[in-house]
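Undergrad: Sharing a structure, written as structure tokens. Questions coming.
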């Protein structure tokens, strides 16, 4: 039986979770339907709600309940663990520092947008320096005797360490660099799409893709947004997409990506609704779901065969003669400056660059003043190309301006986890490809729901992956998958 | 200079106002875009936010600040007055009663929807009886030595009294009953519309109407909803509309009505944003704005002449041969059971019926068990028709199930105020009709913005109307307007 302290703690936490969902709705509203002139007032509304949430998260009663709580089973124990972890972290950071970070990152975000538009890193550097200073101060408050960077990593991937990531990423880098060189040097190159891809057609087919991957529109909806995202947990999980006139894959694969995030949230055991385990457990595990949907399933030969047929039906002839050529077009590899536009071969190299640079910044081995130069040098080394301007280099991502140090590696960790899950899935479901070739993803989504989604935050991030794949995750399956796939595609 | 107590009080209140706006956004979301399956979770989110708002409104610090506050000017004084009024009301009602009312009305609302669908008043009566009992208990806590009903009226129309309304409404009733009898007995009858009114055409023209009446979509947006409403204050004021296949006026005039509400909110001095005077001052004054837009301006001969031209351009021939016939069609008078579908002649008779019955309920002169009979008898008397079923009679409105006793009279008060404002407007702006005939409403909306909108809650409800029209408002101008308009239309 739940004891009194637990019961009071959980009731209080449930309201906090509900208010957190409200904050998410405001964010969704802002990015999809909010009137253009409402920004200033919305900022004040969100600040007021953030204040309410902050006061709840630091409410001294939580400390008293935690001291008295004795959970009656593993579900309660995990909830208490998560609440305790959050409470201890919030308590360790002085209020004034939290406020200073909020104010500075809000200003830095605007400064970054201006600097990126003007291709002016020097103008942005002092602001970034201030964000970095405050972020390090926060890391010092949190880290105890551990590494500063790991304290930040904990915000996005609890339990992960830089040592573990360095080893994983260290193994990835040389094989990815080698693979990209072989692919770019190959004679065989995929065909280009030509044709008219109407917005209405793109949106209709992207909604069909979301449903095909198991997205439940009874508990969600699809809208347009400049930068696609998914939002919300439980019974209201929304996704967004975008359309680009001659690039239908942009729309389709960002939809499938967000569908992966959304299906994770929608698949969580309803008993966990509005509890600390009622949402995805970490950024890395979340990204593993969006990535396996998008890449290993959505960009594989069987499923693209089905998509090719549907695209022909919707758009008519678009200059690609058969399903094999279409598969090659979907998986075109090309060197580029921008992480968010990168293909499977290049994507993780973008992340590794940021991971190394941000650790150098946090550990004091690199000054903000030298960041642009360091970025450009590393890019030349791994991508073989010189960065032409800051908006294509060090200024391209929003993360650092927002103080999100420690976030980037979760993208690649998600890819690594997706690689492991894909290998295990194929072992467990040998006839998966036949279903995918018919546009039926249910054997895969059922497998993921059973092993990952339904657990929500019940297990720790690495643990839920390990349980799903039957062993400790590592980068091997991802590398094997990429090398096999692109060797085949490019006739290497 | 603002003193410390005022400054702290206003800062606290500003956050409360911002959180109140967030609640409004959730309501908007629920009625327009929320996924169907999200209702249960949304209820919990809104309950959590309502709890936060309630705790803020009863925060004992407010009492301390109020005791120490010395406002420095009339704007501050009015803000303090409004905060004090709200705080005293909230403090007078026991927490347990507030909670019981919230729970009971929530259940009663569901019971009402079921009873209306089943045309079963007897099944709903016990629930309504419980709502009435708790509502009277609340009125007793609030009323002091004054009338119970006035204590409830104060929620919607601060300062109004049943004595004043009884006198006003008493003068309306016989002349409205006489007018409807003459109109319905007239030989001349307006033409019916025939034609194809596409949803896209209706929505496009309704957006044009909103803009024509001064609605600012930079700080708002228009969506579809089952029951049109307006929502939000300040920089984010949204309206909704609906379309009915063969009834374009339904769409157009509900849009103009909501535009009236929205322009009031949008026209408030920006300096009052997120303060207690940053929104419309009462339901009656609010309704006066929606009604003057919809009726005196929107359904007048000059403006309908312009609308006739636009409708011909958008929909082609729809069986109405000229602008005079169109004016008659827009203003068709017909007996009907439903308040929300009533024309200008019948509308207030619907309200008067409810006003009399709900006072009888609150004052204990009428039992819920006898309500249906009393409704039907009164309806027969004023409308000359027998009610055929409860969903067309006593079960048609949501208000009583939600505990909104005292709300109905503000609809007619709004019409009375609109009558006074219209008379003053025409006196001040003699060439108004020429502009309206061109679809230009700006002389009217400018006049209203200057005299009503911009003040927000600065003056008390009756006072802002009296200042605008240059004297105490009464029902005379509304009656004169209605009698002149419909005598002309029906050749009486």
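Protein chains in written order, with my numbering: chain A, 1 to 492; chain B, 1001 to 1492.
C-beta atoms are modelled at their ideal positions from N, C-alpha and C, and glycine is treated no differently.
Just grab the DSSP bridge partners of residue 1224 of chain B for me.
TA: Residue mapping note: residue 1224 of chain B aligns to position 224 of the second chain, counting from 1. BP columns for residue 1224 of chain B point to B/1241.
Undergrad: When you compare the CB positions of residue 1191 of chain B and residue 1102 of chain B, do they come within less than 7 angstroms of one another, or not?
TA: As a working mapping, residue 1191 of chain B is identified with position 191 in the second chain. As a working mapping, residue 1102 of chain B is identified with position 102 in the second chain. It is not a contact, given that the beta carbons lie outside the stated cut-off.
Undergrad: According to DSSP, simplified to helix, strand and coil, what is residue 1231 of chain B?
TA: By one-based count along the second chain, residue 1231 of chain B stands at place 231. Residue state, collapsed to three classes: strand.
Undergrad: With a Cβ-Cβ cutoff of 7 angstroms, do residue 1337 of chain B and residue 1392 of chain B count as a contact?
TA: In the second chain, counting from the first residue as 1, residue 1337 of chain B sits at position 337. In the second chain, counting from the first residue as 1, residue 1392 of chain B sits at position 392. A contact, by the Cβ cut-off of 7 angstroms.
Undergrad: Would you please verify whether the beta carbon of residue 1013 of chain B is less than 7 angstroms from any beta carbon of chain A?
TA: Along the second chain, read from residue 1 onward, the residue named residue 1013 of chain B stands at position 13. Closer than 7 angstroms: no.
Undergrad: Anything in the stretch 218 to 233 of chain A with a Cβ closer than 7 angstroms to a Cβ of chain B? List those residues in chain order, please.
TA: Going along the stretch 218 to 233 of chain A in chain order, one finds 218, 219, 220, 221 with a Cβ nearer than 7 angstroms to chain B.
Undergrad: Closer than 8 angstroms by beta-carbon distance: list the chain B residues that pair up with residue 51 of chain A, in chain order.
TA: Start at 1 with the first residue of the first chain, and residue 51 of chain A comes out as number 51. Correct list: 1015.
Undergrad: Residue 37 of chain A versus chain B: which residues are under 7 angstroms apart at the beta carbon?
TA: Residue 37 of chain A sits at position 37 when you count from the first residue of the first chain. Per Cβ cutoff of 7 angstroms: 1218, 1219, 1235.
Undergrad: Just reading off the alpha helix (DSSP H) that residue 23 of chain A is part of, what are its end residues?
TA: Position 23 of the first chain, counted from the start, is the residue given in the question as residue 23 of chain A. Looking at the DSSP string, the run of the alpha helix (DSSP H) that includes residue 23 of chain A is 4 to 32.
Undergrad: Name the chain A residues that come within less than 8 angstroms of residue 1274 of chain B, Cβ to Cβ?
TA: Here the question's residue 1274 of chain B lines up with position 274 in the second chain. Chain A residues near residue 1274 of chain B: 41, 44.
Undergrad: Which of the three DSSP states is assigned to residue 1171 of chain B in this structure?
TA: Stepping through the second chain from its first residue, residue 1171 of chain B is reached at position 171. Reduced to three states, the DSSP call for residue 1171 of chain B is helix.
Undergrad: Using only CA atoms, which one of B/1046, B/1486, B/1262 lies nearest to residue 1333 of chain B?
TA: Numbered from its first residue, the second chain carries residue 1333 of chain B at position 333. Comparing Cα-Cα distances from residue 1333 of chain B to each of B/1046, B/1486, B/1262, the minimum goes to B/1486.
Undergrad: Would you identify the three-state DSSP class for residue 1473 of chain B, choosing helix, strand or coil?
TA: As a working mapping, residue 1473 of chain B is identified with position 473 in the second chain. The answer is coil: DSSP assigns residue 1473 of chain B none of H, G, I, E or B.
Undergrad: To which residues of the same chain is residue 424 of chain A closer than 6 angstroms at the C-beta, ignoring the five residues directly before and after it?
TA: As a first step, residue 424 of chain A must be located in the first chain, where it is residue number 424. Result list for residue 424 of chain A: 469, in chain order.
Undergrad: Write down the C-beta distance between residue 1314 of chain B and residue 1153 of chain B rounded to the nearest angstrom, noting that I regard them as a contact closer than 8 angstroms.
TA: Taking the first residue of the second chain as position 1, residue 1314 of chain B is located at position 314. Taking the first residue of the second chain as position 1, residue 1153 of chain B is located at position 153. With a Cβ gap of about 43 angstroms, residue 1314 of chain B and residue 1153 of chain B do not count as contacting.
Undergrad: Could you spell out the range, first to last residue, of the alpha helix (DSSP H) harbouring residue 254 of chain A?
TA: On the first chain, residue 254 of chain A is found 254 positions in, with the first residue counted as 1. From DSSP, the alpha helix (DSSP H) with residue 254 of chain A extends over 248 to 267.
Undergrad: Three Cβ pairs or more, each shorter than 8 angstroms: is that satisfied between the stretch 99 to 113 of chain A and the stretch 122 to 132 of chain A?
TA: As far as the Cβ criterion goes, the stretch 99 to 113 of chain A touches the stretch 122 to 132 of chain A, which means the pair count is three or higher.
Undergrad: So, is the C-beta of residue 48 of chain A closer than 7 angstroms to a C-beta in chain B?
TA: Locating residue 48 of chain A in the first chain gives position 48, counting from the first residue. So yes, residue 48 of chain A belongs to the interface.
Undergrad: Could you check if residue 464 of chain A is buried or exposed, using at least 16 other CB atoms within 10 Å of its CB as the buried criterion?
TA: Locating residue 464 of chain A in the first chain gives position 464, where the first residue counts as 1. Answer is buried; the Cβ neighbour count reaches 16.
Undergrad: Can you check which of these residues, A/473, A/93, A/225, A/183, is closest to residue 482 of chain A by C-alpha distance?
TA: As a working mapping, residue 482 of chain A is identified with position 482 in the first chain. Closest by alpha carbon: A/183.
Undergrad: How long is the line joining the alpha carbons of residue 1100 of chain B and residue 428 of chain A, rounded to whole angstroms?
TA: Within the second chain, residue 1100 of chain B is the residue found at index 100, counting from 1. Within the first chain, residue 428 of chain A is the residue found at index 428, counting from 1. Roughly 54 angstroms between the two C-alpha positions.
Undergrad: Going residue by residue through the stretch 112 to 143 of chain A, where are the continuous alpha helix (DSSP H) segments of at least 4 residues, counting only ones entirely within it?
TA: With a minimum length of 4 residues, the continuous alpha helix (DSSP H) runs that stay inside the stretch 112 to 143 of chain A are 121 to 143.
Undergrad: Going along the chain, which residues of its own chain have a beta-carbon closer than 6 angstroms to the beta-carbon of residue 230 of chain A, five neighbours each way excluded?
TA: Within the first chain, numbered from 1, the residue matching residue 230 of chain A stands at position 230. Result list for residue 230 of chain A: 239, 258, 261, 262, in chain order.
Undergrad: Going along the chain, which residues of the stretch 57 to 84 of chain A sit with their C-beta nearer than 7 angstroms to a C-beta in chain B?
TA: Those residues of the stretch 57 to 84 of chain A that come within reach of chain B (Cβ to Cβ, closer than 7 angstroms) do not exist; the list is empty.
Undergrad: Beta-carbon separation of residue 1138 of chain B and residue 1177 of chain B under 7 angstroms?
TA: Walking along the second chain from the start, residue 1138 of chain B turns up at place 138. Walking along the second chain from the start, residue 1177 of chain B turns up at place 177. No, the Cβ-Cβ distance between residue 1138 of chain B and residue 1177 of chain B is not below 7 angstroms.
Undergrad: Mind checking if residue 1437 of chain B is an interface residue toward chain A, Cβ cutoff 7 angstroms exclusive?
TA: As a position in the second chain, residue 1437 of chain B is number 437, starting the count at 1. For residue 1437 of chain B, the answer is no, since every Cβ of chain A falls outside 7 angstroms of its Cβ.
Undergrad: Examine chain B for any beta-carbon lying closer than 7 angstroms to the beta-carbon of residue 19 of chain A, and answer yes or no.
TA: Stepping through the first chain from its first residue, residue 19 of chain A is reached at position 19. Yes, its Cβ sits closer than 7 angstroms to a Cβ of chain B.
Undergrad: Could you name the residues of chain A that residue 1026 of chain B contacts, counting a contact when the two beta carbons are closer than 8 angstroms?
TA: Counted from its first residue, the second chain places residue 1026 of chain B at position 26. Result: 22, 25.
Undergrad: Spatial neighbours of residue 1237 of chain B within its chain, please: CB distance less than 7 angstroms, with the 5 preceding and 5 following residues excluded, ordered by chain position.
TA: Residue mapping note: residue 1237 of chain B aligns to position 237 of the second chain, counting from 1. Taken in chain order, the residues that qualify are 1219, 1220, 1230, 1262, 1265, 1266.
Undergrad: Just to confirm my understanding: we take residue 161 of chain A, look at its own chain, exclude 5 residues before and 5 after, and list those with CB closer than 8 angstroms. What are they?
TA: Within the first chain, the letter at position 161 stands for residue 161 of chain A. Counting only Cβ-Cβ distances below 8 angstroms, and skipping sequence neighbours, we find 147, 150, 153.
Undergrad: Using 7 angstroms as the threshold, is the C-beta distance between residue 1294 of chain B and residue 1253 of chain B below it?
TA: Position 294 of the second chain holds residue 1294 of chain B. Position 253 of the second chain holds residue 1253 of chain B. For residue 1294 of chain B and residue 1253 of chain B, yes; Cβs fall inside 7 angstroms.
Undergrad: Along the alpha helix (DSSP H) that carries residue 443 of chain A, what are the first and last residues, could you check?
TA: Residue 443 of chain A sits at position 443 when you count from the first residue of the first chain. Segment 442 to 451, the alpha helix (DSSP H) holding residue 443 of chain A.
Undergrad: Evaluate contact between the stretch 19 to 35 of chain A and the stretch 1045 to 1063 of chain B, counting only Cβ atoms and requiring at least three cross-stretch pairs below 8 angstroms.
TA: These segments touch.
Undergrad: Quick check: what's the CA-CA separation for residue 6 of chain A versus residue 18 of chain A?
TA: For the purposes of this step, residue 6 of chain A is taken as residue 6 along the first chain, with counting starting at 1. For the purposes of this step, residue 18 of chain A is taken as residue 18 along the first chain, with counting starting at 1. Computed Cα separation, rounded: 18 angstroms.
Undergrad: What residues from chain A crowd round residue 1029 of chain B, counting only those whose CB sits closer than 8 angstroms?
TA: Within the second chain, residue 1029 of chain B is the residue found at index 29, counting from 1. The answer, in chain order, is 25, 29.
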